[in-house]
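Shown next, in structure tokens, is the structure this report addresses.
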Amino acid sequence: MKAIVFDSGTIINFAMNGILDILKSLKSEFNGKFIITEAVKEEVIDKPLHIKKFELEALMIKKLFDDGVFELPYDIVVKKELIAKRDSLFNMLNHVFYARNEFVHIVDKGEVSSLAVSLLLKEKGIDNVLAVDERTARMLCERPENLTQLLRKKLQTSVDMKGDLSFLSKIKVIRSSELMYLAYKKGLVKLKSPKVLDALLYASKFKGCSISFDEIEQMKKLENV
Amino acid sequence: MQEKEHVIKLLKEVKEAFKKNNTPRLKNLSNQTIHAASVSQDDLSIAIAVIVYSLSKIMERPNYRDYPKWNQFIKKFIHNIDKARDSLERNNEKMFRKHLESIERIIDELTGIFKVHIKEVFARARINKASRIYEHGISMEKTAKLLGVSLFELAEYAGKTAIPDIGLSKTLSIEDRIKYALDIFNKNTK
């Protein structure tokens, strides 16, 4: 078995760009599970269903959920086990960065629940990647020292990192930009134009994917675009 | 909340900047609050940041002054800032909170398009401040909850900023990240 664990931002990105059909096509090709946690479902479906501005996006995402493109993790993970993992991770990650005589609360339960699922799947030997567009969770997994430096720079105060986050480096992070790249490479994008990859990558960036202009240009070069 | 003396000083400076119609200074004061609010994450510091930023945006629009209720609106706005500061000087945090809350309630007394504009100013200020806190390294979901904005709005706003382009944001090479994506897709499983 294999899975992609989705955080809210990645799904929101595809929805706001009006290309949720690409996610559906990717799922058809994947031969594995696209997993979301209950907290993520709440952020991408339940809450926006009550916000007129994003009601349509919420309905479209709900359709994917109802059609089984996205599923909750409970076929693989016991709910109680997930809650325990999420809560311990939530507590730990919010007690790592110390500034101005207090710990900086840097993450919330949705993001942490996605991290928790990814770790639990690893523990069960299930290969998975985490799809997350926002920067903080990615930095926690891949370069927490960069996050310490960033906090120091932005808060304009000393920040200490208390705790070892190396266990998070097991989590492999991708973003909506990589998913769009993959869809392009596999010919799953219906639009036909030499500009398609460029358009997809910039669309991902402008809807909140934490990817730099340089990274986009590097991705285009890989495909000779 | 941030240190009392700091907030009192800040609100005095807000008043001075308002009198001089110094909108860049108002924005700067709002940003100063965000540094502390990113750590403390208390609702009052966040409310101050939003109110001061909204005031700067309101003062930037001379056409707002043509609305019939402008004088009454801005007088009440500044009166509540003064009263909030007075309350804090008297260590009355309950009244301090009440006066800050009153500022957003003044909007409900407005009518017509002016009300729509001012509501929009406050809504945009919340998204702007959320984006600033996200920029400081706090996660997007955490930030959205602190400011009471949706993840959809925040993602869209943050996507137009230079947040991903600063060097520290890069945590893995493009080749390695694409490999993660390709490997998981190409892996054969039962």
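Protein chains in written order, with the working numbering: chain F, 49 to 273; chain P, 5 to 194. Even glycine gets a Cβ: it sits at the ideal position worked out from N, Cα and C.
Exposure of residue 150 of chain F, with buried meaning 16 or more beta-carbon neighbours within 10 Å: exposed
Could you work out which residues of chain P lie near residue 229 of chain F, taking near to mean beta carbons separated by less than 8 Å? 182, 185
When you compare only the Cα positions, how much space is there between residue 82 of chain F and residue 228 of chain F? 15 Å
By the three-class DSSP mapping on this structure, what secondary structure does residue 96 of chain P have? coil
When you compare the CB of residue 263 of chain F with every CB in chain P, is at least one pair closer than 9 Å? yes
Thinking C-beta only, is residue 79 of chain F closer than 9 Å to residue 192 of chain P? yes
I need the DSSP call for residue 182 of chain F, collapsed to helix, strand or coil. In the structure shown, residue 182 of chain F sits in coil (DSSP, three-state: anything other than H, G, I, E or B).
Straight-line gap, residue 110 of chain P to residue 135 of chain P (C-alpha atoms, nearest Å): 25 Å
Does the distance from the CB of residue 168 of chain F to the CB of residue 124 of chain F come in under 9 Å? yes
Inter-stretch contact at 8 Å, needing at least 3 Cβ pairs: the segment 67–83 of chain P / the segment 161–171 of chain P: no
Can you grab the Cα-Cα spacing for the pair residue 268 of chain F / residue 247 of chain F, in whole Å? 11 Å
Judging by CA-CA distance, which residue of F:91, F:214, F:92 is the nearest neighbour of residue 141 of chain F? Check the Cα spacing between residue 141 of chain F and each of F:91, F:214, F:92: the tightest is with F:214.
Let me see if you follow: with CB-CB separation under 9 Å, is residue 39 of chain P close to chain F or not? yes
Roughly how many whole angstroms lie between the Cα atoms of residue 114 of chain P and residue 77 of chain P? 8 Å
Count the other CB atoms within 10 Å of the CB of residue 122 of chain F; is the residue buried (16 or more) or exposed (fewer)? exposed
Excluding five sequence neighbours on each side, which residues of the same chain lie with their C-beta closer than 7 Å to the C-beta of residue 105 of chain F? 63, 64, 96
Please state whether DSSP places residue 209 of chain F in a helix, a strand or coil. Looking at residue 209 of chain F - three-state DSSP - the assignment turns out to be strand.
Environment of residue 242 of chain F [buried if 16+ CB atoms lie within 10 Å]: exposed
As assigned by DSSP and simplified to three states, the class of residue 142 of chain P: coil
Excluding the five sequence neighbours on either side, which residues of its own chain have a C-beta within less than 6 Å of the C-beta of residue 203 of chain F, listed in chain order? 147
For residue 72 of chain P, which of P:119, P:126, P:152 has the nearest alpha-carbon? P:119
Pick from P:112, P:117, P:85: whose alpha carbon is nearest that of residue 102 of chain P? P:85
Assumed close pair residue 213 of chain P, residue 34 of chain P - CB separation to whole angstroms, cut-off 8 Å: Outside the displayed range of chain P (5 to 194) lies residue 213 of chain P, so it cannot be described from this structure.
For the 8 Å Cβ check, are there 3 or more pairs between the segment 183–191 of chain F and the segment 139–147 of chain P? yes
Residues that residue 186 of chain F contacts on chain P, provided the C-beta gap is smaller than 7 Å: 175
Using a cut-off of 9 Å between C-beta atoms, extract the partners of residue 148 of chain F located in chain P. 40, 43, 44
What does the alpha-carbon distance come out to for the pair residue 221 of chain F and residue 181 of chain P? 7 Å
Buried versus exposed call for residue 94 of chain P [16 or more other C-beta atoms within 10 Å across all chains shown]: exposed
For the segment 21–107 of chain P, list the alpha helix (DSSP H) runs that are entirely contained and at least 4 residues long, ordered along the chain. 27–44, 47–63, 74–93
Exposed or buried, residue 55 of chain F, counting other C-beta atoms within 10 Å across all chains shown (16 or more means buried)? Note on residue 55 of chain F: 16 or more other CB atoms within 10 angstroms of its CB, so buried under the neighbour-count rule.
Residue environment, residue 99 of chain F, which counts as buried when at least 16 other CB atoms sit within 10 Å: Exposed: under 16 other Cβ atoms inside 10 Å.
By Cβ distance, which residues of its chain are closer than 6 Å to residue 93 of chain F, with the 5 residues on each side in sequence left out? Apart from sequence neighbours up to five positions away, the residues of its chain that approach residue 93 of chain F with a beta-carbon distance below 6 Å are 106, 109, 110, ordered along the chain.
So which residues on chain F does residue 103 of chain P lean against when the C-beta distance must stay under 7 Å? Simply none; closest approach about 26 Å.
Every unbroken beta strand (DSSP E) inside the segment 60–87 of chain F [3 residues or more]: Entirely contained in the segment 60–87 of chain F, the beta strand (DSSP E) runs reaching 3 residues are, in chain order, 81–83.
Spell out whether any CB of chain F is found under 9 Å from the CB atom of residue 192 of chain P. yes
Could you tell me how far apart the beta carbons of residue 61 of chain F and residue 208 of chain F are, in whole angstroms, since I believe they sit closer than 8 Å? Going by Cβ atoms, the distance from residue 61 of chain F to residue 208 of chain F rounds to 33 Å, so no, they are not a contact pair.
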